[in-house]
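Below is one structure; the comments refer to it alone.
Residue numbers (my numbering), protein chains in the order written: chain A, 491 to 578; chain B, 4 to 336.
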């Protein structure tokens, strides 16, 4: 999976959780302040990332997930991807 | 190596008289009482009176625990005070409690592990008894969180309350008392729950106070998910370490952080809610005090019988967690 695909996956999950937002998101958007993600929505987001993308998110990883870009970075780390397209 | 079984001999709890209701908070923050209750499971918190300090709450709870366990002050060889809101940075609040209760020479110290503090203290106390350091230990969890919850921060103010819970620990027959433990921390994420000012990193200067840095700050979303996960995972690990299964546990007493966290964790483990203690409606989240207060209340409600297996799990600042599996030994038996 390349970064563009990871962005698309994260965006699709966010849009399902928050139908009034998106469907396009910016990497710097803060999950809580900009998107209004509360505790329950955050749980749903993490579970959706794990289930949909078949990745494991450790306890320590939870504290890294503050922005849309953080979610994409984590997906990129957890999934084998073709080439290094982190600059996208 | 544990050579003597060690367990809880008696409990006590104390809550200050002043009540802070959802109605008052709803008016202050411009929200509804239902909004607060749905997010927390809390109706009221108890708040200290002006001039009332952490040790005042602790002493009241400790007196009850001494009486309940039939313990005289001279039997206590160690006083552990789990707290993040001590009377002073120095000396230890445990020493103030010792002096007030007339306990002769004893090792007195405060234990700073936030909401995991009581469970950590339980581990230390049981081992102090087991290795023969002293016959009995007084362990207290006490907090005055109302003084570190910003009046401008709705998320903190609706959660936290003041209170104290205490236990006396001593020798119990083989097969009872502390059977297994699980504990850990993710120190790299210590900033997730922090009181930024007041320590050596950032003294409580006028500038720090102007920025309200003397109040607790919490990454609520991340902490919620961490708590939900670790509550279940740590409980399962301690059960496995004891060679038991989920069905062998009679009662789970988690840190009373927030009703939604406890219910979500129970849902993950598919646990029946009647095995899980929820005791925060009338006192809120009292951090290190919440487990001993809840333990005291369920014991007096008749929900703990001789031989019952309890799992106590704390989690919070650090970020930390700790579980203890205890087989209850009634003093009357």
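All residues carry an ideal CB built from backbone N, CA and C; glycine is no exception.
Residue 74 of chain B vs residue 13 of chain B beta-carbon contact at 8 Å: yes
Within-8 Å CB hit, residue 557 of chain A to chain B: no
Chain-order list of residues whose beta-carbon lies under 6 Å from that of residue 328 of chain B (same chain, five-residue window excluded): 182, 183, 241, 245, 314
Please look up how many angstroms separate the CB atoms of residue 198 of chain B and residue 175 of chain B, rounded, as I've assumed it's under 8 Å. Going by Cβ atoms, the distance from residue 198 of chain B to residue 175 of chain B rounds to 37 Å, so no, they are not a contact pair.
Residue 528 of chain A versus chain B: which residues are under 9 Å apart at the beta carbon? 42, 223, 224, 227
Just tell me which of B/60, B/249, B/261 has its CA closest to the CA of residue 160 of chain B. B/261
Please report how far the alpha carbon of residue 231 of chain B lies from the alpha carbon of residue 326 of chain B, in whole angstroms. 14 Å
What residues from chain B crowd round residue 549 of chain A, counting only those whose CB sits closer than 7 Å? 189, 229, 232, 233
For residue 294 of chain B, the three-state DSSP class (helix, strand or coil): helix
On the DSSP bridge list, what partners appear for residue 140 of chain B? B/81, B/172
Residues in the region 505 to 524 of chain A with C-beta within 8 Å of chain D's C-beta atoms, listed in sequence order? No chain D appears in the structure shown, which is made up of the protein chains A and B.
Using a Cβ-Cβ cutoff of 9 Å, what residues of the region 236 to 270 of chain B are near chain A? List them in chain order. 236, 261, 263, 264, 267
Which of helix, strand or coil does DSSP assign to residue 59 of chain B? helix
Cβ distance (whole Å) where residue 553 of chain A is taken to contact residue 26 of chain B below 8 Å: Not really, about 35 Å apart at Cβ, beyond 8 Å.
According to a CB-to-CB cut-off of less than 7 Å, which residues of the region 530 to 543 of chain A neighbour chain B? 532, 533, 536
Apart from the five residues just before and just after residue 522 of chain A, which ones in its own chain have a Cβ nearer than 7 Å to its Cβ? none
Closest Cα partner of residue 334 of chain B within the set B/172, B/17, B/317, B/109: B/172
Nearest-angstrom Cα separation, counted from residue 567 of chain A out to residue 575 of chain A: Any reading at residue 575 of chain A is ruled out, since the residue's pLDDT is 48, under 50, leaving its predicted position unreliable.
The region 190 to 202 of chain B: which residues have C-beta closer than 7 Å to a C-beta of chain A, in chain order? 191, 192, 195
Would you verify that the beta carbon of residue 569 of chain A is, or is not, closer than 8 Å to some beta carbon of chain B? no
Going straight from the alpha carbon of residue 216 of chain B to that of residue 200 of chain B, what length do you get? 5 Å
Neighbour flag for residue 552 of chain A against chain B, beta carbons, 8 Å: yes
Here's the rule I'm using: 16 or more other beta-carbon atoms within 10 Å means buried, otherwise exposed. How should residue 309 of chain B be labelled? exposed
Kindly provide the ranges of any beta strand (DSSP E) runs that are 3 or more residues long and lie completely inside the region 212 to 271 of chain B, ordered along the chain. 254 to 257
Spatial distance of residue 157 of chain B from residue 124 of chain B (CA atoms): 31 Å
Quick one: does residue 319 of chain B have its CB under 8 Å from some CB of chain A? no
Assuming contact is defined by CB atoms lying nearer than 8 Å, are residue 86 of chain B and residue 291 of chain B in contact in what I supplied? yes
Taking Cβ positions, are residue 169 of chain B and residue 64 of chain B nearer each other than 8 Å? yes
How long is the line joining the alpha carbons of residue 140 of chain B and residue 19 of chain B, rounded to whole angstroms? 24 Å
Top-ranked residue by Cα proximity to residue 540 of chain A, from A/514, A/525, A/569, A/529: A/569
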